[in-house]
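**Student:** The listed protein sequences derive, respectively, from chains A and B. First residue of the first sequence: 4, per my numbering; consecutive thereafter. First residue of the second sequence: 4, per my numbering; consecutive thereafter. Each residue gets a CB set at the ideal place from its N, CA and C atoms; glycine is no exception. Just so we're clear, the structure is a prediction, and the values are computed from it rather than from any experiment.
There are 2 protein chains.
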Amino acid sequence: MKAATVSLRQSTEARQAEMVQAVLALAARQEPASITTTHIAHEVGLSQGAVFRHFPNKQAIWLNVAEWLEATLLPLVQTAAKSSSDPLENLSNIFRAHLQFVQENPGVPRFIFHELQQPADSPVKQQVAGMLQVYSGILIRVLQQAKAQGLVLPTLDERSAATLFIGSIQGLVMQAMLIGSCAAIQPLIPGVWNLYCRAIREEPNA
Amino acid sequence: MKAATVSLRQSTEARQAEMVQAVLALAARQEPASITTTHIAHEVGLSQGAVFRHFPNKQAIWLNVAEWLEATLLPLVQTAAKSSSDPLENLSNIFRAHLQFVQENPGVPRFIFHELQQPADSPVKQQVAGMLQVYSGILIRVLQQAKAQGLVLPTLDERSAATLFIGSIQGLVMQAMLIGSCAAIQPLIPGVWNLYCRAIREEPNA
DNA sequence: TATATTAGTAATTGCTTACTAACATAAACC
DNA sequence: GGTTTATGTTAGTAAGCAATTACTAATATA
């Protein structure tokens, strides 16, 4: 009946993972730029100095967050992109998977915005930009498959379609930030997706 | 032949306007959260202490920026919304006017993102959120006009269409932040706009 | 069991921040 | 022409920041 009390001492690996999640949890509540090492320390129940037992500096924490993001979001998108033989259904699955991921991790869009605003040479921004590059690549490939099967406009520009795809998610995220609640956008999702489908589909008979 | 040298001493009104523009100029280069009163002072050629001769505190500066934004962007959108008798053409004019405004003031999207991430009770966020509310209202009214004239889907959900409209601009802005240059998105604009038109139009014969 | 390593703390470092106070000077007014 | 007022400077303040230090306790290892 002894409770499995967690040891107060944790390995560096475990603490790093804790702090990455702490940053995302804090980013859901406040601007990423205003998150301090003291905030992070309190969030995981440590003193401020202990943070630097597990990370050489603050930037290393942000880089770790960016790496976690890539390692979590991209497989999600990749899986959805290959979930069926119908490219349009796969696109819809990416859309839904991405939005669900954002709702479960409300700090993520804010973190991405924050990093994209950094100077170009920042390694964390390069990491995030690289991830979005890969994301776009996946979208474009699915759109090309759809075109090859005659499911979308033969004249479709995949780059524009990918930009609008990401933009449609951005628009929903912005609505959520406006309202303040991430769950409140749920009813808007099908409407926006229907419009996106009409935009790219060959035969818009909906 | 005497050069019309500007007096070193300026009125508070003039300095306030200068500093609002300074904030936007700085926001084009760096994260709004990292802009200090020293940065602003140097940008307008004053000492840091002089900033507080014209503003009671830093938040008042940001509020002034938000007010300038509303007073500048909304008339632009309003004018475009009534520029012709064709609602779809008016929508296109809003789209182009907004993107031109963003290209001329690259700090604006970053400022808006920055403010939307603030806690809900922040007066500056409320100001920005209110402006976006009005913006959405204008869009929805134009979309309703288009529906009444049978130019768009009779089943169109105006709220979703407005979200996708703003999202399509967001997507382009995000591309610009990724690339680093605001002008580089120019070739993407017509493609994205064509897709948006197809999404809402009754007869997509393009 | 003795020793080395790892993960923690509290206190302090140098620096930056928004904001203020004392003083200076240009323009406006009587 | 002298006084007042508005706009400027310089030199402060207290608070908060990332990062370091000296030290301690827990854990692994020989």
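Per DSSP, what kind of secondary structure is A/Arg18 in: helix, strand or coil?
**Tutor:** Of the three classes helix, strand and coil, the one that applies to A/Arg18 here is helix, per DSSP.
**Student:** Compare the C-alpha of A/Arg18 against each of A/Glu34, A/Ile38 and A/Ala44 and name the closest.
**Tutor:** For A/Arg18, the nearest C-alpha among the options comes from A/Ala44.
**Student:** Leaving aside the five residues before and after B/Leu94 along the sequence, list all residues of the same chain whose C-beta is less than 6 angstroms from its C-beta, in chain order.
**Tutor:** Hits under 6 angstroms: Val145.
**Student:** At a Cβ cut of 9 angstroms, what residues of the segment 147–162 of chain B count as close to chain A, listed as they run along the chain?
**Tutor:** Listed in sequence order: Leu156, Thr158, Leu159, Asp160 and Arg162.
**Student:** Within 8 angstroms, do at least three Cβ pairs link the segment 152–170 of chain A to the segment 47–56 of chain A?
**Tutor:** Touching, no, given that fewer than three Cβ pairs across the two stretches are closer than 8 angstroms.
**Student:** Buried or exposed: B/Met180, going by 16 or more other Cβ atoms within 10 Å of its Cβ?
**Tutor:** That one is buried.
**Student:** In angstroms, rounded to a whole number, what distance separates the CA positions of A/Gln13 and A/Leu119?
**Tutor:** Going from the Cα of A/Gln13 to the Cα of A/Leu119 covers about 33 angstroms.
**Student:** With a threshold of 6 angstroms on Cβ separation, who are the neighbours of B/Gly183 within its own chain once the five nearest residues in sequence on each side are excluded?
**Tutor:** Around B/Gly183: no qualifying Cβ.
**Student:** For B/Arg12, does the three-state DSSP call read helix, strand or coil?
**Tutor:** The answer is coil: DSSP assigns B/Arg12 none of H, G, I, E or B.
**Student:** Could you give the DSSP three-state label for A/Arg56: helix, strand or coil?
**Tutor:** Helix, per DSSP.
**Student:** Please report the straight-line C-alpha distance between B/Asp124 and A/Leu156, rounded to a whole angstrom.
**Tutor:** B/Asp124 and A/Leu156: Cα-Cα distance of roughly 46 angstroms.
**Student:** Using a Cβ cut-off of 9 angstroms, pull out every chain A residue sitting near B/Ile169, in sequence order please.
**Tutor:** Simply Gly170, Gln173, Gly174, Met177 and Gln178.
**Student:** Let me know the secondary structure DSSP gives B/Cys200 once reduced to three states.
**Tutor:** In this structure, B/Cys200 counts as helix in the three-state DSSP scheme.
**Student:** Have a look at the DSSP bridge pairing and note the partners of B/Val127.
**Tutor:** According to DSSP, B/Val127 bridges with nothing at all.
**Student:** Which residues in the same chain as A/Ala30 place their Cβ atom closer than 6 angstroms to its Cβ, once the five residues preceding and following it in sequence are excluded?
**Tutor:** Only Gly110, Arg113 and Phe114 meet the Cβ criterion.
**Student:** Determine whether the beta carbon atoms of B/Cys185 and B/Val105 lie at a separation below 9 angstroms.
**Tutor:** A contact, by the Cβ cut-off of 9 angstroms.
**Student:** Straight-line CA distance for A/Ile192 to B/Glu46?
**Tutor:** Those two C-alpha atoms are separated by around 43 angstroms.
**Student:** Is it buried or exposed for B/Ser87, if we count other Cβ within 10 angstroms and need 16 for buried?
**Tutor:** The residue is exposed, with fewer than 16 neighbouring Cβ atoms inside 10 Å.
**Student:** Can you give me the C-alpha to C-alpha distance between B/Pro190 and A/Glu16, rounded to a whole angstrom?
**Tutor:** B/Pro190 and A/Glu16: Cα-Cα distance of roughly 46 angstroms.
**Student:** CA-CA distance, B/Gln130 and A/Leu198?
**Tutor:** So the alpha carbons of these two residues sit roughly 30 angstroms apart.
**Student:** If you drop the 5 nearest sequence neighbours on each side, which residues of the same chain put their C-beta closer than 6 angstroms to that of B/Ser139?
**Tutor:** The answer, listed in chain order, is Ala165.
**Student:** Let's test the definition: count the other Cβ atoms within 10 Å of the Cβ of A/Ala149 and tell me whether it reaches 16, buried, or not, exposed.
**Tutor:** Counting Cβ neighbours within 10 Å, A/Ala149 comes out buried, since at least 16 surround it.
**Student:** Could you name the residues of the segment 99–115 of chain A whose beta carbon sits closer than 7 angstroms to any beta carbon of chain B, in the order they occur along the chain?
**Tutor:** Result list: Arg113.
**Student:** Bridge partners for A/Val155 per DSSP, in chain order?
**Tutor:** Beta-bridge pairing links A/Val155 to A/Arg204.
**Student:** Give me, in chain order, the residues of the same chain whose beta-carbon lies closer than 8 angstroms to that of A/Met4; leave out the 5 immediate sequence neighbours on both sides.
**Tutor:** Caution is warranted here: a pLDDT of 31 is assigned to A/Met4, below 50, making its placement in the model unreliable, and the coordinate value is therefore given only provisionally. Correct list: empty, nothing qualifies.
**Student:** Mind listing, in chain order, the continuous alpha helix (DSSP H) runs of no fewer than 4 residues lying wholly within the segment 70–109 of chain A?
**Tutor:** Qualifying alpha helix (DSSP H) stretches, in chain order: 90–107.
**Student:** Between A/Gln103, A/Pro126, A/Ala36 and A/Asp89, which has its C-alpha nearest A/Leu79's C-alpha?
**Tutor:** For A/Leu79, the nearest C-alpha among the options comes from A/Gln103.
**Student:** Of all the CB atoms in chain A, is at least one closer than 9 angstroms to the CB of B/Ala25?
**Tutor:** B/Ala25 does not count as touching chain A.
**Student:** Using a threshold of 9 angstroms, state whether the C-beta atoms of A/Gln173 and A/Glu161 are closer than that.
**Tutor:** Cβ distance not < 9 angstroms, so A/Gln173 and A/Glu161 don't count as in contact.
**Student:** When you compare the CB of A/Glu73 with every CB in chain B, is at least one pair closer than 9 angstroms?
**Tutor:** Closer than 9 angstroms: no.
**Student:** Does the beta carbon of B/Arg201 come closer than 9 angstroms to any beta carbon on chain A?
**Tutor:** So, interface residue.
**Student:** From A/Leu154 to B/Leu135, what distance separates their C-alpha atoms?
**Tutor:** When rounded, the distance between both Cα atoms is 36 angstroms.
**Student:** By Cβ distance, which residues of its chain are closer than 8 angstroms to B/Arg204, with the 5 residues on each side in sequence left out?
**Tutor:** For B/Arg204, where only same-chain residues beyond five positions count, the Cβ hits under 8 angstroms are Leu91, Leu154, Val155 and Leu156.
**Student:** What residues in the segment 178–198 of chain B have a beta carbon less than 8 angstroms from any beta carbon of chain A?
**Tutor:** Under the 8 angstroms Cβ criterion, the segment 178–198 of chain B contributes Gln178, Met180, Leu181, Gly183, Leu191, Gly194, Val195, Asn197 and Leu198.
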